[in-house]
Each structure stands twice: as structure tokens, then as C-alpha cells.
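Scroll down for the structure; my scribbles are underneath it.
There are 2 protein chains.
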Amino acid sequence: MGNEKELLNVSKATIGRLPAYHRYLQEKLAAGEKTVSSTAIAEELHLSAVQVRKDLSAIAREAGKPKLGFTVADLIADIDRFLGYDNLNDAVLVGVGGLGKALAGYSGFKHYGLNIVAAFDADPARIGTSIGGIKVFPAEELARLVRRLNVLIGIIAVPKEAAQGAADELVKGGVRAIWNFAPVHLNVPANIAVKNEDMAASLAILSKRLAEILNNEK
Amino acid sequence: MGNEKELLNVSKATIGRLPAYHRYLQEKLAAGEKTVSSTAIAEELHLSAVQVRKDLSAIAREAGKPKLGFTVADLIADIDRFLGYDNLNDAVLVGVGGLGKALAGYSGFKHYGLNIVAAFDADPARIGTSIGGIKVFPAEELARLVRRLNVLIGIIAVPKEAAQGAADELVKGGVRAIWNFAPVHLNVPANIAVKNEDMAASLAILSKRLAEILNNEK
DNA sequence: ATTTTATCGATAAAAAATTATCGAAAGAAG
DNA sequence: CTTCTTTCGATAATTTTTTATCGATAAAAT
């Protein structure tokens, strides 16, 4: 019975903002505040209050109260539930060079529902080592081990030349979602979700905004 | 005279896609192909051909030719010019822990017009070292050095507790754009551009897509 | 107890982004 | 040389996302 509605009808844009709300709410919770208004959230995050209300109404179970706003703890619980922060998804990491090492060492992913259970690398010098408690296995074992562990999420942090190969192996192992940090477009079957962490795109947007700002001043 | 039009009228969504086009075009160039059609680009990148044409028409100087498509080399040049890939912007990096080290060591930023000229860290053990040719200075010198070097872009890769402080120092030093990798919302004056590299948001979107895919199957 | 104020949710309007349609042009094929 | 095919650019339609408006409600203030 019935939380299908939730998956639908919530726009990607909204989903993308939820983690920011979540962080803000955690701050408020830590500060001991019981309720928070859409106006306050909006001001802090540079959004409009209407948008905040709309986003929250899409995923919150309890309504906000006039004059008081929303209950902080309830909202956090709602976002946790909606984004699945309260039940961990296993993932594997491919590539433990500079970026991969950083990702493996970042303990925060657990709070976001992501649990890295194994890492892989082609470099023999790295195999057998451990980073942040995650063991590094040889690349050859990727597909086999992924299948055995029944992991559905793969994180690609290899140099761009190796990225497509890594993706192929992940798919072969039965992964259904790939978080790609390599600056290349991956070719995968249609029923596999790919999210490119495209830093070049972020940078492009940032530098255009910078250009605008400088332009408005002169 | 006259490239003001370019800054305006190009949507953020379009700008965000340009780096992907750029990468695809580089591949085609390397493969020796002279021209490429919007259909081909669209298919590879899982977009619609109309959208590709619209995006390109917003920034390209030459029109595409019926039956042939666009000239690969021209398009690359157009994107280079539009995104500023051909003239480097200086930047400083704050924080050379795991992620900061990875960013400093990534040589690819130069291709995206970003030149990291100095790094800063609070940990004495790191000061004076060099990562990827970038020297690490003490955090206390941040504002002063940024001002002296006349750097306009700051990259924050410190733990979240230190991020707001880093932002404050960057702003004090005269930075006008901040690329924030720490998972916190930064409070800065209105005339400073902030781009949050929000991995939690990416992850949220990815896992929702995964959930959808799995849902559609059963 | 009444008024004032801050806030909400719902609905409507506007803006932005994507997709569809179609005539025209340029090369390829016959 | 004519026809066919691919592709373009422009315009229109649609969809999605954001913003505006407004009556209702609950707490706070008078």
C-alpha cells in the first residue's frame, strides 16, 4: 500500500534541494529550535518562501502551522524517509587514486544512505590496502565480487581513459546505478541510471555567474 | 563592442550541458571526423536533437549545414570561447586534506580555464609542502595573499566546520566566486557567486532514479 | 475578547525549458 | 538534372518550474 505517489510527482529540482533543507534543519535542531518557517529557510538558502513550501509539501507528512511554521524534527524525519537516509544502500568504488581515496575516506556518505563496501583498482601497489576501512581488491575481480555482494550502486573514480571499461564491468556485475566522477560520457544500457558528477559543468556555471557579476559592476 | 548578448540569453541549463558537448566533440575530433550532426550528439548524450541544436545555436557563430551538420573544430572553438576555456582564471584552494589534495592533483582543470595558483591549510604539517606543483601556505595568510595575487575564485575543500570561516577569509581577500565542496550552506554577501558542489544532492537524484528503475521492473 | 500579525496551503499566473512541427537547403542517389 | 534523404533553423505548442496572490488560521498582542 501506497507510497508510490511519493516517487512520482516530486521533481528532480525539488529532490536536488532537499539535502540543503536537510542540512539547514539539522543546524536548527542542533540549535534547539523546535519550529522553522518557510520564510526563514528561504532567506538562508536564497530561495523563495513559496518554493520552499511547495518542495516541502511534496514530501512532508505533517502540514505546517500558521504563525509557527514547520516542526524541525518532523521535517528532518520526512526528508530522511523520502531520500532513504535511514536505510543504507551498498556501493562499490572503482579507482582509489586521488579522488577515489578522498571519496573512500569521506565518512559522511553514511549519513546520506550510502555504504561503500569494497573498492577496486588496477594498480597492484594499491591492492590489499585499506582506506577508511574499505578494502581494495584487484580490478579483475570487480564483476564477480559485485555480483556476489549483490551491490546495486557503483562509483567510478578512475582516470577518464579507464572509465568506460569500469562502467562495463560494473554493469556486468549487475550494478543498476552509476555515480560517475570521470569527465567522460558513459555508454550503458538504458535501464541503468547514470549520474555524472560533472565538475566542468559546475565550473562553467560558476564562471558565467562570476562574469555576470563583474559585468554588472563596470 | 558586442558580445554582451552572449552572456545573456543563454540559460543555465544550456551552460551546464556545454561541457558534455565539448567532451563529445573532442572525441570526434580525435577520431578525425570533420562534421557531426545534432542527431548524433543527441543520441550519444541521451538528449533530444532539437535541444542540442537549440543549445548550440545559442553559442555558435557558424550555422550548421543541412545534410552535414556542424563543423567539429568550429564548435569546439565556439564552446572554448564561450566558456572561457582559452583564457585561464586564477584560483586558490582552501584545504588540502583528502578532497583538496585530489583537486590539487587533478591536472585537468587547466583545460577548463582554471588555474590554481596557491593552496592554504591550517595544519602545520601540510604547510610548505607542494601538491601537483601547488604550494601550501598557512591559513592565516589567506586573505592577504589572495588580495596580493588578485585572485577572484576560491575553492573550499575543508571540513564543514571550517567552511564558513574559509569563505569569510576568501571574501575578505577580495574573491568574487566560491566553489564550495563542503556540505554546508555558506553565508556570503550578495555580490559573490557561490556554487555548491553538492554531492548529497547528486546522490539523492541518483538513488531516486535507481528506485524508479527497480520499481518499474517488478 | 478582539485585533493584529506571521504564516500556511491552494490556486492562478508567469517564466523557463523542452519538445514538436515544418519548410528550406544541401548533398547523395538515381 | 531531378528526386530523395538528411539535416538545419525558426516558430509554435507543450510541459515543467517558479513566482504571485489571496483567503484562512493560529498564536501573540492589545
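Protein chains in written order, with our numbering: chain A, 6 to 223; chain B, 6 to 223.
Ideal Cβ positions, reconstructed from N, Cα and C, are used throughout, including at glycine.
List the residues of chain B whose Cβ lies closer than 7 angstroms to the Cβ of residue i, in chain order.
| i | result |
| --- | --- |
| proline 194 of chain A | Within chain B, no residue comes near proline 194 of chain A; the closest Cβ sits about 11 angstroms away, beyond 7 angstroms. |
| lysine 200 of chain A | Ser207, Ile210, Leu211 |
| arginine 28 of chain A | Pro188, Val189, His190 |
| glycine 113 of chain A | Pro188 |
| lysine 17 of chain A | Ile210 |
Would you list the one or two residues that DSSP bridges to residue i?
| i | result |
| --- | --- |
| serine 135 of chain A | A:Lys140 |
| isoleucine 160 of chain A | A:Leu98, A:Trp184 |
| aspartate 173 of chain B | Looking at the DSSP assignment, aspartate 173 of chain B forms no beta bridge with any residue, so it has no partner. |
If residue i and residue j are in contact, beta carbons under 8 angstroms, what's the gap, nearest whole angstrom?
| i | j | result |
| --- | --- | --- |
| leucine 98 of chain A | alanine 124 of chain A | 4 angstroms |
| valine 15 of chain A | isoleucine 46 of chain A | The pair is not a contact, with the Cβ atoms about 17 angstroms apart (cut-off 8 angstroms). |
| histidine 190 of chain B | tyrosine 29 of chain A | 6 angstroms |
| alanine 109 of chain B | isoleucine 139 of chain B | 5 angstroms |
| alanine 107 of chain A | glycine 103 of chain B | 4 angstroms |
| serine 212 of chain A | glycine 89 of chain B | 6 angstroms |
| glycine 105 of chain A | alanine 162 of chain A | 4 angstroms |
| proline 164 of chain B | valine 176 of chain B | So it is not a contact: roughly 19 angstroms between Cβ atoms. |
| alanine 209 of chain A | glycine 21 of chain B | 7 angstroms |
Run down chain B in chain order and give the residues with a C-beta less than 9 angstroms from the C-beta of residue i.
| i | result |
| --- | --- |
| leucine 119 of chain A | Leu208, Ser212 |
| valine 106 of chain A | Strictly speaking, residue 106 of chain A in this sequence is lysine, with valine absent from that position. Those within 9 angstroms of lysine 106 of chain A in chain B are Gly103, Lys106, Ala107. |
| isoleucine 20 of chain A | Ala206, Ala209, Ile210, Lys213 |
| leucine 92 of chain A | Leucine is not the amino acid found at residue 92 of chain A; the sequence shown has asparagine there. Those within 9 angstroms of asparagine 92 of chain A in chain B number zero; the least Cβ separation is about 11 angstroms. |
| glycine 110 of chain A | Gly102, Gly103, Leu104 |
Residues of chain A with a CB under 7 angstroms from the CB of residue i: which are they?
| i | result |
| --- | --- |
| valine 156 of chain B | The premise fails here: valine 156 of chain B is roughly 12 angstroms from chain A at the closest Cβ pair, so nothing lies under 7 angstroms. |
| proline 24 of chain B | Asp203, Ala205, Ala206, Ala209 |
Go ahead and pull the three-state DSSP assignment for residue i.
| i | result |
| --- | --- |
| phenylalanine 186 of chain A | coil |
| valine 55 of chain A | helix |
| valine 193 of chain A | coil |
| alanine 65 of chain B | coil |
| valine 199 of chain A | strand |
| valine 41 of chain A | strand |
| glycine 74 of chain A | strand |
| valine 122 of chain A | strand |
| asparagine 221 of chain B | helix |
| tyrosine 90 of chain A | coil |
| serine 112 of chain A | helix |
| valine 15 of chain A | coil |
| serine 129 of chain B | Looking at the sequence shown, residue 129 of chain B is not serine but proline. Looking at proline 129 of chain B - three-state DSSP - the assignment turns out to be coil, as it is neither helix nor strand. |
| glycine 179 of chain B | coil |
| alanine 148 of chain A | helix |
| aspartate 83 of chain B | helix |
| alanine 36 of chain A | coil |
| leucine 23 of chain A | helix |
For residue i, which residues of its own chain have a beta-carbon under 6 angstroms away from its beta-carbon, when the five flanking residues on both sides are left out?
| i | result |
| --- | --- |
| aspartate 95 of chain A | Asn120, Val122, Val156 |
| leucine 50 of chain B | Ala25 |
| asparagine 92 of chain A | none |
| serine 43 of chain A | Ala54, Val57, Arg58 |
| glycine 74 of chain A | Thr40, Val41, Ser42 |
| aspartate 173 of chain B | none |
| tryptophan 184 of chain B | Ile160, Lys200 |
| isoleucine 84 of chain B | Leu23, His27 |
| glycine 69 of chain B | Phe75 |
| arginine 152 of chain B | Gly178, Gly179 |
Please list, in chain order, all residues of the same chain as residue i whose beta carbon is under 8 angstroms from its beta carbon, the five residues on each side excluded.
| i | result |
| --- | --- |
| arginine 181 of chain A | Leu157, Ile158, Asn196, Ile197, Ala198 |
| alanine 205 of chain B | Pro188 |
| glutamate 145 of chain B | none |
| aspartate 79 of chain A | Ala65, Arg66, Glu67 |
| isoleucine 81 of chain B | His27, Leu30, Gln31, Leu34 |
| isoleucine 132 of chain A | Asp126, Val141, Phe142, Pro143 |
| leucine 154 of chain B | Asp95, Val97, Val122, Ala123 |
| asparagine 192 of chain B | Gln169, Ala172 |
| glutamate 9 of chain A | Below a pLDDT of 50, predicted positions are generally treated as unreliable, and glutamate 9 of chain A, at 42, falls in that range; no measurement from the model is reported. |
| proline 71 of chain A | none |
Between which residues of its own chain and residue i is the CB-CB distance below 7 angstroms, once the five residues before and five after are set aside?
| i | result |
| --- | --- |
| threonine 134 of chain A | Val141 |
| leucine 150 of chain B | Ala123, Phe142 |
| phenylalanine 114 of chain A | Ile121 |
| isoleucine 218 of chain B | none |
| glutamate 48 of chain B | none |
| glutamate 38 of chain A | Val77 |
| valine 101 of chain A | Ala109, Ala124, Asp126, Arg131, Ile136, Val141 |
Going along chain A, which residues have a C-beta under 8 angstroms from residue i?
| i | result |
| --- | --- |
| alanine 182 of chain B | Leu211, Ser212, Arg214, Leu215, Ile218 |
| glycine 89 of chain B | Ser212, Ala216 |
Can you pull the chain A residues whose beta carbon is under 9 angstroms from the beta carbon of residue i, in chain order?
| i | result |
| --- | --- |
| leucine 50 of chain B | His190 |
| glycine 138 of chain B | None at all; the shortest Cβ gap to chain A is about 14 angstroms. |
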